[in-house]
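Chains as they are written, first to last, in this note's numbering: chain G, 1 to 509; chain S, 510 to 842; chain H, 843 to 1192.
First up is the structure itself, then whatever we jot down about it.
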Amino acid sequence: MTEPLLRITDLQKSFFGVKVLHGVSLTLDRGEVMGLVGENGSGKSTTMNLLGGVLRLETGEILIDGVPYNPRSPRDAQEAGIAFIHQELNLFENLSIEENMFIGGFPRLTGLPFIARAGMRRRAAAALARVRIGHDPATPLARLSQGERQLVEIARALLQDARIIIFDEPTTSLTHRETSRLFELIGELKASGIAIIYISHVLADIFRLCDTITVLRDGHVVGGGPASELTAEDLIRLMVGRSLSQIFPDRTPVEPGPAILDVERLSQPGIVRDITFQVRAGEVVGISGLMGAGRSELARILFGLDPFASGTIRFAGETIPAPEPRDMIRRGMAFLTEDRRGEGLMMEATIEENIALPSVDDFASAPFGRVDRARLRRAVRQIGDEVRISRTKDVGETPAQTLSGGNQQKVVLAKWLLRRPKLLVLDEPTRGIDVGAKFEVYKIIDQAAASGAGVLMISSELEELMGMCDRILVMAHGEIRQEFARASFNGERILEAAMWSPKTGEVAA
Amino acid sequence: MIGEMAQTRRYSEQAKLVALRSAPLILFAIVIALFSLLSDRFLTVQNFLNILTQSSHVAILGIGMTFVLLIAGIDLSVGAIMFLAVAVMSIYVPDATPVTGFLTCLAVGIAFGAVNAVVITWVRIAAFIATLSALFIGRGIALYITETRMAFMNMDILSLGRLAYLGIPWAIWVFAAVFLVAFVTLRSTPFGRQLYAIGENRSAALKAGINVNAIQFAVYVISGACAGIAGFVSITQVGAASATFGLEKEFAAIAAAVLGGTSLFGGRGGVVGTVFGAVLIQTAYSGLVIINANPYIYPLVTASIIFVAVFVDSQRVRILETINRRTIRVEEA
Amino acid sequence: MLSFTETRVVDATTRREARHWRDGRIFRALLSEYLVLWLSLAYFLVMLPIIPAIGSRAALSNILADMLPLLAVAVGQTFVLIVAGIDLSVTAIMAMASVVGASVMSSQGGFAGGTVFAAPLGFVAMLAVGAAIGLFNGFCAARLRMPSFIVTLTGMMFFSGAAIWYTTFHTETSSIAGLPRSFVAVGQGSTLGIPNSLWPVLALVLAAHFILARTAFGQHLYAVGRNPKAAAIAGVPVARVVILAFLISGLCAAVSSALYTGRLETGTPILGERMLLDIIGAVVIGGTSLFGGRGKVVWTVFGVLFLVLLDTSLKMLGLSLFSVLAIKGTVILLAAIVDTLRVRLTGTRS
């Protein structure tokens, strides 16, 4: 049997002391298209980042054509013939197509420092033709659609003689036509011997494209095999599979109160359409859906960060025609965003400064706005203890950036809980934190609901939603597709609803 | 239906963007039109040549600054370099011929720029601070060399101020040469294109294998070189360098670049815009002189023009941001 | 403390518990926020044997008197730097305020000249100038989203020119004299050996410190400088905070202008010329970061102290202008290098 093109053996990796990959192994042959499937946090991205040279190997081995491979940078990966087409494209909008393609190494006129434009154009045109882009290579990249830009990245990979191309969620921003074009191209690449790793949530696409499928969960390979021998149900079961006990605290029974949030026919063209739902006091409502379904966007609209075109938002009984963060906070809404580092915390500030920020005005007294620091520190310490942030003793000295992911998230939670909000909107509350901290976060959410707050929880982890929520709304393509009550929670059916697409209708079973 | 609404909104926004991008040109047209109406001495070849001559040193300075701004850097020391270059020439090479004088100034500029480059790229000090210190140190050294007295140039050098080929003053030729080299470099060399990439997205540039450090180094050397040349050109017109020679010229260079469309944040702009900016400012200035306007309002007019241009550009960026707000692609029906 | 380099994200996987000389007390004291103060004292002690006169009452008094107006405008600049902006127009504000104020209170044709209200009205006029320009700067930066560098740069160009022009309306000469005694006394005089200008500046410094360290607004300022997105999500009125920061800078520049104008006994449109880089240099030596989110009034005090001490000592050494400039530049550079080293050794910015 010939040596496979790619052999990954027992890959392990940890971040901040948290083990993320527990020994991933897989093989890939020339001309093979492998689908890599798994939920957020399953280890797909980490494995691919290791392969693509974005992260350094820790334990484990990678062989390419039998030769050991240990990249120190994406450049090494490129030279080894591995191309990684990320979801966030690595292109320069201020340059032309051909310039983007050759930016790492332009062809030159012999002996002179000038770009050999004619030669470059020819090679670029050839590569573009191969991926079927109709544009002239001199076209500014900014004029291209998202799908076309992706094709440019692929063309660049081909120019660099890629042997393995990794695609990470390539179709999220593509139209139906662009997706078909991409798939045709993948077929051609495969025929020419290039191996492809295709990461996606869209199971229909996986089955359409892939020869083999590998399923990751919690940093392990939990299953896989030839695509012909697997069904969508198998995949979902492997992806979701964990037993739900001992991960989630028992939910404190609460009698739901009146509706805190009442949304009616909320629409913003291109983002969300006809959203209608309620969150009652004491209730935990989950929003499930794939990336790009509009969940975070919906939350941002409710909080006032983005506008909306039509519909009504009622908060605690009052209609809010034009929400605005400062006002919504005052009314009792809290918003924990999905980007903890970029939007949730001031990394260089101390724990105390972070927790206190939305509430400083409440601790300030007239006439000069002087803050009662002692009272503030007591309140911060107390909420820090409630939320179980380690090192609550030094809240005034410890910068947020030295904390673990779990503690950082707790700081953000504490920040909001200090205000005893009426509605707690959480976007991916347990992203990037370890199991122990997750449990504590779940307890906090439960307690918040028990004390009368309404909770709106957006998450990509199905079992998290099923473990914590009273109801789950499933969004896809900007609409709420289905609602599930706790009694009828069913992982497979929720995932199916999330995978609805106006292009393909229901998911092929 | 939703797709259509979004589409129409996109078109009107695109139209607005196009209009805003041509604002500097429109501004230029207004200025020319205004002054032509106010005086018939404005729209003459001689006046035009005067404008170009007088703006040449700022344009050259601005060209060097453009390289720096394109990678989102800044060079506050260029005015000091101008002064230091001519000071060195005046004191240490007093019998310089035009050629050796030019080379002296160029050499000083390159050397000083290289020091800046080392401090910024290797010691990793932020450009603002590094070039701010360089400004102090450079001026200090220059004042030391000249003992705070006027630095005079020999007749050979000064005669360049009256030199003209084909009726076009020598300064314009130098400026044109610098412009050409810069233009071709930015447009047609790997170095130039990679510069734009770095300014647009530094981390992507690193990932693409671009040698960011080397390019950053070169950029500050270029800025220094241009400052040296600008000093030389300026001194041929002014005759002698007082202690305020080159003072605050860095701001004029930055203003010209920004006016011409170069972004302070990198990745956008070019030398054509910068030259345009320098010429526009000088045109307005010259127009004011011709119509015998109250000299006190000159800086006010200049500042206002720059302000308007930057204001318009900021609105353009704002509209771009609104368009690029996170959108889920709506399926075309 | 000092911060001249870009943010470094701490790579936690390579972070180690440092338990050796780096944690030592002396080392920490060296790198603490009082570094510039210790440096100033050390420098003073080193200079004493060389220029004994620097320890004299007169010299110390001069140093203090020189520090005060510079400190006033530097405090305002600190606010703007904290929100990650910059105010290049402060010297132009000083010039404008000087001539406008003088035009109001001058006994030679001033609007309120000769009356008992001359000085107070003049001062109010100066504050108004500072406030108006500050508000304009803030508005352009916060609401029109123009880069503060350019807005304040054009402001500098515009208002220094405007100040000169304004002067021509009031006098044939290039400055406006005839200022009331009471006004001049604040900028110039001293009571019992203590400069009169100490009191307003002290009040300003204390007020500024109070705002930054003790009020909610202060927390808002830091938040906007550290992470404007997170600040907005936390309910901070970002635009309002930025506008206020520039307003404060304008007002501080006006106060500084009042002191200098009093000292010079004339309203002059070239007030503050060449001072801009001293102002920014002092704030930055003190440790306030150009990138926002970090800065303290007391740091600026130390920075100004150090700069003025340096200036004075060099003048007393008989060094001429060029050496002063070159040495100032070198000092700023050294301060930046110390900061880079500090960041690399301790791995953090704080």
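Virtual Cβ for every residue (Gly too), placed ideally from N, Cα, C.
With a cut-off of 8 Å on the beta carbons, I'd call residue i and residue j a contact; round off their distance for me.
i: LEU809 of chain S; j: ALA1004 of chain H; result: 6 Å
i: VAL152 of chain G; j: ILE166 of chain G; result: The Cβ separation is near 16 Å, so there is no contact.
i: SER606 of chain S; j: PRO678 of chain S; result: Sequence check: residue 606 of chain S is Thr here, not Ser. With 8 Å as the limit, THR606 of chain S and PRO678 of chain S do not qualify as a contact, their Cβ atoms being about 19 Å apart.
i: LEU969 of chain H; j: ALA1096 of chain H; result: 5 Å
Could you compute how far the alpha carbon of residue i sits from the alpha carbon of residue j?
i: MET998 of chain H; j: ALA793 of chain S; result: 18 Å
i: ARG340 of chain G; j: ASN354 of chain G; result: 12 Å
i: SER931 of chain H; j: GLY1128 of chain H; result: 20 Å
i: THR59 of chain G; j: VAL18 of chain G; result: 14 Å
i: ALA651 of chain S; j: VAL540 of chain S; result: 38 Å
i: HIS566 of chain S; j: ASN559 of chain S; result: 13 Å
i: LEU1151 of chain H; j: GLY1123 of chain H; result: 14 Å
i: LEU244 of chain G; j: ASP250 of chain G; result: Confidence is the limiting factor: at LEU244 of chain G the pLDDT is only 45, short of 50, which leaves the residue's position unreliable, though a coordinate-based value still follows. Each residue's Cα considered, the two are about 11 Å apart.
i: PRO911 of chain H; j: ARG530 of chain S; result: 43 Å
i: ALA125 of chain G; j: MET101 of chain G; result: 11 Å
i: GLY769 of chain S; j: VAL817 of chain S; result: 12 Å
i: THR9 of chain G; j: VAL222 of chain G; result: 15 Å
i: ILE629 of chain S; j: VAL577 of chain S; result: 12 Å
i: GLU3 of chain G; j: ASP65 of chain G; result: 7 Å
i: VAL387 of chain G; j: SER145 of chain G; result: 45 Å
Closest Cβ-Cβ distance between residue i and chain G: below 9 Å?
i: ILE719 of chain S; result: yes
i: ARG864 of chain H; result: Since pLDDT at ARG864 of chain H reaches only 45, below the 50 mark, its modelled position is unreliable, and no value is offered.
i: ARG827 of chain S; result: no
i: GLY955 of chain H; result: no
i: GLY770 of chain S; result: no
i: ARG702 of chain S; result: yes
i: VAL1140 of chain H; result: no
Please go through the same chain and pick out, in chain order, the residues whose beta-carbon is closer than 8 Å to the beta-carbon of residue i, but skip the five residues on each side of it.
i: ARG265 of chain G; result: ASP274, ILE275, THR276, SER310, GLY311, THR312
i: ILE893 of chain H; result: SER1155, MET1158, LEU1159
i: ILE806 of chain S; result: LEU797
i: GLU283 of chain G; result: VAL254, PRO256, ALA449, GLY454, VAL455, ASP470, ARG471
i: ALA714 of chain S; result: GLN703, ALA706, ILE707, VAL721
i: SER96 of chain G; result: PRO137, ALA138, THR139, PRO140, LEU141
Checking contacts by CB at 9 Å: is residue i closer than that to chain H?
i: PRO808 of chain S; result: yes
i: GLY776 of chain S; result: no
i: PHE816 of chain S; result: yes
i: GLU348 of chain G; result: yes
i: THR811 of chain S; result: yes
i: GLU178 of chain G; result: no
i: SER823 of chain S; result: yes
i: GLY588 of chain S; result: no
i: ILE329 of chain G; result: yes
i: LEU641 of chain S; result: yes
Bridge partners of residue i, per DSSP?
i: LEU266 of chain G; result: G:ILE275
i: ASP335 of chain G; result: The amino acid at residue 335 of chain G is misidentified as Asp; the sequence shows Phe. DSSP, once it has assigned bridges, lists G:VAL425 as partnering PHE335 of chain G.
i: GLU479 of chain G; result: G:ALA476
i: THR27 of chain G; result: G:ARG7
i: GLN12 of chain G; result: G:HIS22, G:THR59
i: ILE166 of chain G; result: G:PHE84, G:ILE197
Leaving out five residues on either side along the sequence, give the residues of the same chain with a beta carbon under 6 Å from the beta carbon of residue i.
i: ALA884 of chain H; result: none
i: ARG295 of chain G; result: ILE287, GLY289, ILE458, MET475
i: VAL1066 of chain H; result: VAL925, ALA1073, VAL1080, VAL1083
Ordered along the chain, which non-local residues of its own chain (more than five positions away) have a Cβ less than 7 Å from that of residue i?
i: VAL922 of chain H; result: ILE928, ASP929, ALA1087, PHE1088, SER1091
i: MET598 of chain S; result: ALA605, GLY610, THR613, CYS614
Using a Cβ-Cβ distance under 9 Å, would residue i count as near chain S?
i: GLY997 of chain H; result: yes
i: GLN482 of chain G; result: no
i: GLY105 of chain G; result: yes
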